[in-house]
Amino acid sequence: MIALNYLPQTSLSSRNSWHREYSTTPPPSSRFAPYRQALNALAERTRTPLPSLVFSFAILHEITAIVPLIGFFYGARTLKAGDRLIASLPERIDDSELIAPGEGWMAAKGREWWREGTSWAERVGRRYGIFGFEKRDHGEQVGGPVKSAVAGGVSADVANAVVAYCLTKASMPARVGVSLYLSPAFSRQVVEPVRRAVIRVFQRQSK
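In structure tokens, the structure reads:
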């Protein structure tokens, strides 16, 4: 949606329309809503078009999630964190064991990320045939709710993936800060040149 609303009018007679379009806050996104105020302030301070800035932030936000996730996974594998983690866990983990009333915020958040990471590792593992899971056929649904793969000791790589997921989640504040800091430069050096190149292509095709 950002990209569709992003292309401005190119004729000289429509500069005011171009300015209005770039000055308008993009449609609200539930995912990036918490950062809307910071992005608005950053756009005003750096004089970067807001749609371009939001698009740049979205790209950088994904990059700063994927790169650490891969790095944490291979780091955990190198350090054999998955093997140690599985050895320290009981043979079976009940959902009731993951609920501890009165525990601190950090412990509760860690447990929440652990559950999310376990579900994520199994979904991705079954989709692509990694982490020790068999790849399922295209369109095949996994029956029933996603269960903990780590509890059954399916693969140390499952535990490595969950560790990487939790560490990536924990680094969220730093990732958001880096994404906000780099967004203006990324917009000027990558997004804007690509946008202008796309406009030139469409202009040539319309002649």
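Note that the UniProt record's numbering has the sequence shown beginning at 1, numbered continuously upward. Just so you know, even glycine gets a beta-carbon here, dropped at the ideal spot from N, CA and C.
Measuring only the C-alpha atoms, how far is residue i from residue j?
i, j, result
"Ser187", "Val158", "37 Å"
"Phe55", "Ser155", "38 Å"
"Glu116", "Phe57", "24 Å"
"Val201", "Leu53", "23 Å"
"Ser88", "Tyr74", "20 Å"
"Gly82", "Val67", "19 Å"
"Glu134", "Thr48", "47 Å"
"Ser206", "Gln189", "27 Å"
"Gly110", "Arg195", "41 Å"
"Leu85", "Arg77", "11 Å"
"Glu192", "Val198", "10 Å"
"Leu44", "Ser171", "Per the sequence shown, the amino acid found at residue 44 is Glu instead of Leu. Each residue's Cα considered, the two are about 27 Å apart."
"Tyr128", "Ala107", "31 Å"
"Leu4", "Asn40", "Its pLDDT being 40, under 50, Leu4 is placed unreliably in this model, and the coordinates cannot settle the point."
"Gly132", "Gln203", "51 Å"
"Gly104", "Ser119", "23 Å"
"Ala121", "Phe72", "14 Å"
From the options, pick the residue whose C-alpha is nearest to that of residue i; which is it?
i, options, result
"Ile70", "Arg204, Ala161, Pro173, Pro184", "Ala161"
"Glu62", "Ala38, Gln203, Thr46, Lys169", "Lys169"
"Leu79", "Met106, Trp105, Ala164, Ile130", "Ala164"
"Gln37", "Leu180, Phe133, Arg196, Val194", "Leu180"
"Leu167", "Phe57, Trp113, Ile130, Asp83", "Trp113"
"Arg175", "Thr48, Arg47, Thr46, Ile59", "Ile59"
"Pro34", "Gly125, Pro193, Arg136, Gly177", "Gly177"
"Ala65", "Thr46, Pro173, Arg195, Gly129", "Pro173"
What is the DSSP secondary structure of residue i, reduced to helix, strand or coil?
i, result
"Ile199", "helix"
"Ala159", "helix"
"Ser171", "coil"
"Lys109", "helix"
"Thr48", "coil"
"Gly71", "helix"
"Leu42", "helix"
"Glu62", "helix"
"Gly104", "coil"
"Glu134", "coil"
"Leu85", "helix"
"Gly177", "helix"
"Glu21", "At Glu21, the pLDDT of 41 sits below 50, so the modelled position is not reliable and the matter cannot be decided from this model."
"Leu79", "coil"
"Gly117", "helix"
"Gly129", "coil"
What distance in whole Å lies between the Cβ atoms of residue j and residue i, which are believed to be in contact at a cut-off of 8 Å?
i, j, result
"Leu42", "Pro184", "7 Å"
"Arg126", "Arg136", "5 Å"
Taking 8 Å as the threshold (beta carbon to beta carbon), is residue i in contact with chain C?
i, result
"Arg111", "In the displayed structure, chain C is absent; only one protein chain is listed."
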